[in-house]
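The structure appears right after this line, and notes come after that.
Residue numbers (our numbering), protein chains in the order written: chain P, 6 to 252; chain U, 6 to 252.
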């Protein structure tokens, strides 16, 4: 039967064949027709092919990526909050960072077929942007869906389409070489107060070396070192796990 | 007229006088009655007075703070995205960090009266947690509003109640003049020893937040925040100029 409320767009506007291809790809990725196709077209434009607009800004997906990153962060924060009512905020933050880190998002982007819609200049592409091309575009797509369909629909896309089919949450949580979350969990069970402190930041010409210290019930334990605060804390946590026989 | 759909709660449950006080304070802060008061009660519980639940977790507002932080980040991201259609994502990220940094949130928390609802143990409170007590509780309150009333209502609270009345966005955005050079010039004239130190680097996924501290003759003065060392020093310099009346 012919739909009664056929979108005005499809009556008054005829799409180019490139646009039609994009719509088909989007329907398969998002599971739904776009309302405002322009948003999605912008989401596919990597900065390497950005054209300047009349207002002095480049027309690339970077602003949408910024928005999508924040929306994705909020949705994942709530997902973990609801799924793990008895885990504390330190562990939830830690699990979240394993889901939304650059590598994980890039893999997710590849899995859902972002490679079929992203447009970029292969010659200009640096090795850095290559590592995050699909992940960045995925975030831009999330920004576009949010603006096009609102928070609830965007959340549904992230949880029901993106994660349900392409992310093994249990695997992410189980696969835990992470000493920091081990020690957090241990401290919680033992009812001990745990604190990490960055006690030194050594600035070299091309990098910084961080020194982190673990405190349990106010008493300093192990020092850890690394090129980021996170790595230094991980190192300090590993040493603490060994020293206190934390499994 | 008697409301037809009076909430079940108000028929079956009588509130304690402490709960009634909290409801009145919440109505003034949030501008709306809570549906699930338990969420808001939890949001007011600082970790210093946290009681252990039967499931091995502490009943404090820290999980709600984690959630509220993510929701606030998303709402501010969109607000700036819409308000500044011609600013690039780097600038938006920078402005966002000026709005949601620890000090700014703490001030906002104080302004809307978080001090009237937060419960904490003044003896256990460390100097660190004091600096963020109101800001952290404000984030927990945002988490509670989100769970209680959903994303749209929570976004409305943040934009219409929190920011519209208590945050001067234009002031935040106004380009800073160079405060660091002012303070350097002043120190030279006054023959004082001036030092800047990066005291903290918080690493997020897509950016780092730097905290810089100004020392004059070895004495620590103001903290500043920013997405680069330079910006954090600029922010710390501005505060020092205000504090010391440096023209």
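The beta-carbon is built from N, C-alpha and C at its ideal position, and this holds for glycine as well.
Keep in mind it's a predicted model, so treat the numbers as computed, not measured.
Sub-8 Å separation of residue i and residue j beta-carbons
i, j, result
"residue 27 (chain P)", "residue 117 (chain P)", "no"
"residue 98 (chain U)", "residue 20 (chain U)", "no"
"residue 145 (chain U)", "residue 48 (chain U)", "yes"
"residue 230 (chain P)", "residue 245 (chain P)", "no"
"residue 125 (chain P)", "residue 156 (chain U)", "no"
"residue 153 (chain U)", "residue 40 (chain U)", "yes"
"residue 251 (chain P)", "residue 187 (chain P)", "yes"
"residue 76 (chain U)", "residue 237 (chain P)", "no"
"residue 149 (chain U)", "residue 64 (chain U)", "no"
"residue 172 (chain P)", "residue 143 (chain P)", "no"
"residue 214 (chain U)", "residue 232 (chain U)", "yes"
"residue 151 (chain U)", "residue 95 (chain U)", "no"
"residue 220 (chain P)", "residue 234 (chain P)", "no"
"residue 189 (chain P)", "residue 206 (chain U)", "no"
Under 9 Å by beta carbon: chain U residues contacting residue i
i, result
"residue 67 (chain P)", "93, 94, 95"
"residue 48 (chain P)", "Those do not exist, as residue 48 (chain P) stays about 13 Å from chain U at its closest Cβ, beyond 9 Å."
"residue 238 (chain P)", "In chain order: nothing, as chain U lies at least about 10 Å away."
Assigned exposure category for residue i - 16 Cβ within 10 Å defines buried
i, result
"residue 248 (chain P)", "exposed"
"residue 6 (chain U)", "The pLDDT assigned to residue 6 (chain U) is 42, lower than 50, so where the model puts this residue is not dependable, and the model offers no usable value."
"residue 208 (chain P)", "exposed"
"residue 242 (chain U)", "buried"
"residue 255 (chain P)", "Not covered by the structure: residue 255 (chain P). The range shown for chain P is 6 to 252."
"residue 132 (chain P)", "Model confidence at residue 132 (chain P) stands at a pLDDT of 44, short of 50, so the residue's coordinates are unreliable; what they give is reported in the following sentence. Classification of residue 132 (chain P): exposed, given that the 10 Å Cβ count is below 16."
"residue 56 (chain P)", "exposed"
"residue 69 (chain P)", "buried"
"residue 147 (chain P)", "buried"
"residue 86 (chain P)", "buried"
"residue 38 (chain U)", "exposed"
"residue 119 (chain P)", "buried"
Nearest-angstrom Cβ-Cβ length linking residue i and residue j, presumed shorter than 8 Å
i, j, result
"residue 224 (chain P)", "residue 202 (chain P)", "So it is not a contact: roughly 12 Å between Cβ atoms."
"residue 138 (chain P)", "residue 51 (chain P)", "6 Å"
"residue 164 (chain P)", "residue 84 (chain P)", "6 Å"
"residue 81 (chain U)", "residue 162 (chain U)", "Not confirmed; about 13 Å, so no contact."
"residue 197 (chain U)", "residue 228 (chain U)", "Not confirmed; about 19 Å, so no contact."
"residue 140 (chain U)", "residue 103 (chain U)", "Between residue 103 (chain U) and residue 140 (chain U) the Cβ distance is about 14 Å, and since that is not below 8 Å, they are no contact."
"residue 24 (chain P)", "residue 42 (chain P)", "6 Å"
"residue 193 (chain P)", "residue 93 (chain P)", "6 Å"
"residue 111 (chain U)", "residue 136 (chain U)", "7 Å"
Chain C within 8 Å of residue i, Cβ atoms only
i, result
"residue 72 (chain P)", "Given the protein chain composition of this structure (P and U), no chain C is represented."
Beta-bridge pairing of residue i - partner residues as DSSP gives them
i, result
"residue 216 (chain U)", "U:205, U:230"
"residue 199 (chain P)", "P:221"
"residue 64 (chain P)", "P:56"
"residue 50 (chain U)", "U:124"
Under 7 Å by beta carbon: chain U residues contacting residue i
i, result
"residue 192 (chain P)", "Those within 7 Å of residue 192 (chain P) in chain U number zero; the least Cβ separation is about 11 Å."
"residue 216 (chain P)", "None at all; the shortest Cβ gap to chain U is about 12 Å."
"residue 100 (chain P)", "Within 7 Å Cβ-Cβ: nothing; residue 100 (chain P) doesn't reach chain U, min ~11 Å."
"residue 108 (chain P)", "None at all; the shortest Cβ gap to chain U is about 11 Å."
Within chain U, partners of residue i - CB distance below 8 Å
i, result
"residue 229 (chain P)", "Those within 8 Å of residue 229 (chain P) in chain U number zero; the least Cβ separation is about 15 Å."
Closer than 8 Å at the beta carbon, the chain P residues around residue i
i, result
"residue 36 (chain U)", "Those within 8 Å of residue 36 (chain U) in chain P number zero; the least Cβ separation is about 20 Å."
"residue 114 (chain U)", "Chain P residues near residue 114 (chain U): none, gap ~18 Å exceeds 8 Å."
"residue 241 (chain U)", "What residue 241 (chain U) touches in chain P: nothing, since even the nearest Cβ is about 16 Å away."
"residue 3 (chain U)", "The shown model of chain U, from 6 to 252, leaves out residue 3 (chain U), and the question about it has no answer."
Proximal chain P residues relative to residue i, where beta-carbon distance stays under 7 Å
i, result
"residue 203 (chain U)", "206"
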